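In our numbering, the protein residues as written are 323 to 998.
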């Protein structure tokens, strides 16, 4: 690893010779393709330009074969970027089928990417080779003339010849051997290595990725059961699968089968998430770390095997995303009744298998597997993580934010912030229409909510402070980890003896005036929320675009009690590098002239030291002294100054995790501590 001095391509507005740079990048793609690989994320975020305009590829997240059906993604990323940023188009658009292979790195590193045709050929091969070995077994030691069968060294049987042909054909199709590789041959006869049935199985299991691994696993399972090993799963007649059940049915099952479940005085369902009362972000695994396919299969099988022991399974089919152009179809399979346009639903794009009561020790691919926690928030954040990955690839910005819309002017406001910073409370404004309280996407057409409901914190909830949320807790809502009186069924929202992270899930329609479908225009107001336990950040600050990017990347929250298990320094729900999202946000802000000011646009401001934030001197309805933390600090000035410096240094240390891809302008937008 070495230090690269340069500028990320995403931050470059113009280059001296676009044609030269374009051809250089395309030739880099061709060089990789000649050995069978694509970068799979070859774009402006992973390319750095040196001072001499020479591109450097700085990341290699995963190895994907050129045989993958979406292998042209690298080429298209460059074509689109040059057309949009530099208004440059070129006839040179490499096609992988025209590239002459010089190597087989995709085979050597077992790169992902298989073709459906190859999968079909493997199935055919598997069936044929089984039949051939059966024929060989039946005919062993028999001949039509009653003579002893020929030995293996004398002559090959028909089935052996068939198998050799099948093996050679499969080997050729899987590119196990380089077509240009010269094999040593005997001058008189070619020596052909013979593979046994088990050797072929090993080759297939090792070389074909997900689908073949699954087939090998199934073969092993069949062999296991054939030997008389007792199955742990129940037979189909012993359990029920409840699909897309009505609320009343889920209530009945929860009361009947879930210990500790009850109905409150307002009709909401009360339940417990078990030992873990918050999300477990440290137990999630990044999707760009290569893990053996067998590990994926094992983890999935652990969840499936566990669910197969349960007498009831609940299946929910729904959509993530209100915009039909970008939504994905999601299927949730779980064993608990409270975990909860379908005529044309079809096959889900993504599946959540929730076996939260079963211990967890691995991560799974191709779907979300929840093990080790029954906290319902894991499901919503699992899909949110998927959207954080998929949407930027489609040019859509995914945001951890709430949103509402003006009833008269239709102006849209976004409230950014981590869990517990007040997004739900601020967006549930009786004078504005709620679009969503936590997860949104900003597309070319405007914003849309990812979810169909809200998941609000309930600690210290009261009708006086938050009437919309308080009244939404009724029949059809689910309260999680709250304390209630078993006689009166009244909930004590101030009781945090179980957890600070008490929650309520309810349909968005339960909020009066909510906008359904949950979609809006381009935001007019952007507000970044934080929870500052140090007490030295201004309550209201005006940010430049660079400052907005800096603090968006930082995702600062000094302390929000109880929202996450085992985490003292929360971070945003971002899958790609945070600079990628921040850059998209800045582009959206510039394109749509989004700010956050209204009446404060013409206010008088003063500069807050160290953080260099602009804070208003007056805000209607707010005492002037509250606007400046220095005037509300109860300790000594020395304590205030040291706390301010301490927080600034924490910001600087935290941002070092992201500075590798941040521009100098963004880095300069953070707090500055003078060395004395």
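Ideal Cβ placement from N, Cα and C applies to all residues, glycine included. It should be emphasised that the depicted structure is a prediction, and the values quoted were computed from it without experimental measurement.
Fill in: Separation of residue 796 from residue 900, as counted between CA atoms
38 Å
Worksheet item: Is there contact here, the stretch 372-382 with the stretch 345-359, by at least three beta-carbon pairs under 8 Å?
Response: yes
Practice prompt. Name the residue from 652, 657, 656 whose alpha carbon lies nearest to the alpha carbon of residue 673.
Written response: 652
Worksheet item: Below 8 Å between beta carbons: does that hold for residue 566 and residue 639?
Response: yes
Discussion item. For residue 423, report the span of its beta strand (DSSP E) as first-last.
Written reply: No beta strand (DSSP E) contains residue 423, which DSSP labels as neither H nor E.
Worksheet item: Expressed to the nearest angstrom, what Euclidean distance is found between the alpha-carbon atoms of residue 589 and residue 786?
Response: 20 Å
Item to complete: For residue 826, name the three-state secondary structure that DSSP assigns.
Response: strand
Fill in: Any non-hydrogen atom of the ligand FMN closer than 7 Å to residue 394 Cβ
In the structure on display, the ligand FMN does not appear, and there are no ligands present to speak of.
Discussion item. What does DSSP give as the partner residue(s) for residue 642 in the beta ladder?
Written reply: 650
Worksheet entry | Nearest-angstrom Cα separation, counted from residue 945 out to residue 954 | 11 Å
Worksheet item: So who's on the other strand from residue 720, going by DSSP bridges?
Response: 763
Worksheet item: Over what stretch of residues does the beta strand (DSSP E) that includes residue 564 continue unbroken?
Response: 562-565
Worksheet item: Taking all protein chains shown into account, do 16 or more other C-beta atoms lie within 10 angstroms of the C-beta of residue 869, making it buried, or fewer, making it exposed?
Response: buried
Fill in: Residue closest to residue 839, alpha-carbon to alpha-carbon, out of 799, 818, 853, 768
768
Discussion item. Taking 6 Å as the limit between beta carbons, can you name the residues of its chain near residue 922, skipping five residues before and five after?
Written reply: 938
Worksheet item: Excluding the five sequence neighbours on either side, which residues of its own chain have a C-beta within less than 8 Å of the C-beta of residue 898, listed in chain order?
Response: 367, 710, 711, 714
Discussion item. So residue 803 and residue 821 are supposed to be a Cβ contact under 8 Å. How far apart are they, rounded?
Written reply: 5 Å
Worksheet entry | Top-ranked residue by Cα proximity to residue 647, from 936, 747, 765 | 765
Item to complete: Identify every residue that forms a DSSP beta bridge with residue 330.
Response: 370
Discussion item. Quick check on this structure: which residue in 739, 729, 973 has the alpha carbon closest to the alpha carbon of residue 721?
Written reply: 739
Practice prompt. Please list, in chain order, all residues of the same chain as residue 948 whose beta carbon is under 7 Å from its beta carbon, the five residues on each side excluded.
Written response: 861, 954
Practice prompt. Assign residue 568 to one of three DSSP states: helix, strand, or coil.
Written response: coil
Item to complete: Drop a sphere of 10 angstroms on the beta-carbon of residue 403, count the other beta-carbons inside from all chains shown, and report buried for 16 or more, exposed for fewer.
Response: buried
Worksheet item: Counting along the chain, where does the beta strand (DSSP E) carrying residue 407 start and finish?
Response: Where residue 407 is concerned, there is no enclosing beta strand (DSSP E), although the alpha helix (DSSP H) it sits in stretches over 395-407.
Practice prompt. Please go through the same chain and pick out, in chain order, the residues whose beta-carbon is closer than 6 Å to the beta-carbon of residue 733, but skip the five residues on each side of it.
Written response: 846
Discussion item. Going by DSSP, what residue range makes up the alpha helix (DSSP H) through residue 790?
Written reply: 789-794
Worksheet item: What is the rounded straight-line gap between the Cα of residue 969 and the Cα of residue 856?
Response: 8 Å
Worksheet item: Is residue 836 helix, strand or coil by DSSP?
Response: coil
Practice prompt. Apply the 10 Å Cβ neighbour rule to residue 987 and answer buried if 16 or more other Cβ atoms are within range, or exposed otherwise.
Written response: exposed
Item to complete: Would you kindly report the start and end of the unbroken beta strand (DSSP E) that includes residue 931?
Response: It is not in any beta strand (DSSP E) - residue 931 carries neither H nor E in the DSSP assignment.
Worksheet entry | Segments assigned alpha helix (DSSP H), at least 4 residues, entirely inside the stretch 735-764 | 745-749
Worksheet entry | Residue range of the unbroken alpha helix (DSSP H) whose run includes residue 904 | 900-914
Worksheet item: DSSP state of residue 868, grouped into three classes?
Response: helix
Worksheet entry | Whole-angstrom distance between residue 952 and residue 965, CA atom to CA atom | 11 Å
Discussion item. Let's see if you can read the secondary structure: which residues bound the alpha helix (DSSP H) around residue 952?
Written reply: 951-954
Discussion item. What does DSSP give as the partner residue(s) for residue 831 in the beta ladder?
Written reply: For residue 831, which the question treats as bridged, DSSP gives no partner whatsoever.
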